[in-house]
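K.L.:
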Amino acid sequence: MTNDIIGARAGFRQALAAEWIKFRSVRSTVWTTAATAVVPIAGAVFVAATGSLQDDDTVIGGSLTLAVVAQMLAAVVGAMTITGEYGSGTIRTTIAANPGRATVVAAKATLVAGLLYVIALVSCSLAVLAGDALLPARYATGEPLPALFGIAGSFAVAGLLGLAVGTLVRHSAGAVTTVIGLLLLPSLFGPLFGDARRWIAGLSPTAALEKLTQTSDATAEAVGSLGPWPSLWLVAGCTAALLLVAVGALRRRDV
């Protein structure tokens, strides 16, 4: 085992393979990822069963009512990908096996973003199909494509945000609390910033998600002034910047 770890030092591919092994070996991460996949589908069935949609809502918006909850779980998955190693002390073994700390974070980011994108795309697509089958015909369908690709992208961004926060905070409870705050607080506190409220409210993956799902509540005042895709790209850019800050912090400190 030691020889395998030493031999895996140099390459990104080996680092990615090692991250996958660690990811699927941690029960809490696996179960949280599974919950991320299940929640949107369960939400679509629940909304259809309760008939709780507004008349001006859409099938895609109603079906993905609980997508925000699933996105929070995606962010938690991203955070736990690295905070779990800090909690168990295996982060030192990881760094010893691959001293290139940027490579370690890049491997984790690739795994988190790729896995969450695929899971969200499949799960949210199934949720929309379930909603389309179960909701009354009076609701407009909306535009599932290409919105579903953006929705899946917002899950990947949330996971990367969690990874960045986890790398900076290094403690599971603190990282989870922080990243959920980053998802929810912009829309809650945006109205306090006067004319800037529409921009403040839009600075989270949750804002992009709400716009992409085309819900009747996704007004500019509530979730930012940009359109769905520009909002997603803005949030992705901010998340990438924070991830670079996290890589810099990891390089400077003694693990």
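Numbering (our numbering) for the sequence shown: 1037 to 1291.
Beta carbons: idealized from backbone N, C-alpha and C, even for Gly.
1. Can you give me the start and stop residues for the alpha helix (DSSP H) that Leu1165 sits inside?
2. Answer yes if the stretch 1133-1149 comes into contact with the stretch 1110-1117, meaning at least three C-beta pairs across the two stretches below 8 angstroms, and no otherwise.
3. Check whether the Cβ atoms of Ser1267 and Val1164 sit closer than 7 angstroms, and answer yes or no.
4. Using DSSP bridges, identify the partner residues of Ala1176.
5. Kindly indicate which residue of Leu1196, Ala1277, Leu1239 and Gly1284 has the alpha-carbon position closest to the one of Leu1264.
6. Are the beta-carbon atoms of Val1291 and Ile1127 separated by less than 7 angstroms?
7. Would you call the CB atoms of Ile1096 and Gly1178 closer than 7 angstroms?
8. Look at the alpha carbon of Val1081 and the alpha carbon of Leu1170, and state the distance between them as a whole number of angstroms.
9. Which first and last residues belong to the alpha helix (DSSP H) in which Ala1073 is found?
10. Just to check my reading of the structure: Val1193 and Val1271 have Cβ atoms closer than 8 angstroms, yes? What is that Cβ distance to the nearest angstrom?
11. Near Gly1217, which residues of its chain fall below 7 angstroms by C-beta distance, leaving aside the five closest residues on each side in sequence?
12. Could you work out which residue in Val1140, Ala1143 and Leu1181 is closest to Cys1160 when comparing CA atoms only?
13. Which whole runs of the alpha helix (DSSP H) in the stretch 1180-1231 are 4 residues long or more, in chain order?
14. Take every Cβ of the stretch 1132-1142, pair it with every Cβ of the stretch 1061-1077, and state whether three or more of those distances are shorter than 8 angstroms.
15. Please confirm whether Ile1187 and Leu1278 have their CB atoms less than 7 angstroms apart.
16. For His1207 and Pro1222, what's the separation of their Cα atoms in angstroms?
17. So, Asn1134 versus Ala1051, is the Cβ gap smaller than 7 angstroms?
18. Whole-angstrom Cβ separation of Leu1102 and Gly1087, contact assumed at under 8 angstroms?
19. What is the DSSP secondary structure of Gln1250, counted as helix, strand or coil?
20. Going by Cα to Cα distance, which pick from Leu1157, Thr1203 and Leu1219 is closest to Ala1244?
P.N.:
From the atom records:
1. Arg1137 to Leu1170 is the span of the alpha helix (DSSP H), which, as asked, contains Leu1165.
2. The stretch 1110-1117 vs the stretch 1133-1149: in contact.
3. No Cβ-Cβ contact shorter than 7 angstroms links Ser1267 with Val1164.
4. Answer by DSSP bridge pairing, in chain order: Thr1094.
5. Before going on, a small fix: residue 1264 reads as Pro here, not Leu. Of the listed residues, the one whose Cα sits closest to Pro1264 is Leu1239.
6. A contact, by the Cβ cut-off of 7 angstroms.
7. Taking C-beta atoms as the reference points, Ile1096 and Gly1178 count as a pair closer than 7 angstroms.
8. Each residue's Cα considered, the two are about 7 angstroms apart.
9. Looking at the DSSP string, the run of the alpha helix (DSSP H) that includes Ala1073 is Arg1063 to Thr1086.
10. The distance from the Cβ of Val1193 to that of Val1271 is about 6 angstroms, consistent with a contact at the 8 angstroms cut-off.
11. Hits under 7 angstroms: none found.
12. When each option's Cα is compared against that of Cys1160, the closest is Leu1181.
13. The qualifying runs are 1180-1205 and 1208-1225.
14. Output reads no: the stretch 1061-1077 does not touch the stretch 1132-1142.
15. No, these two residues do not count as a Cβ contact at 7 angstroms.
16. Using only the alpha carbons, I get a separation of about 23 angstroms.
17. Taking 7 angstroms as the Cβ cut-off, Asn1134 and Ala1051 qualify as a contacting pair.
18. About 16 angstroms separates the two Cβ atoms, so there is no contact after all.
19. Note: Gln1250 maps to coil in three-state DSSP.
20. Answer by Cα proximity: Leu1219.
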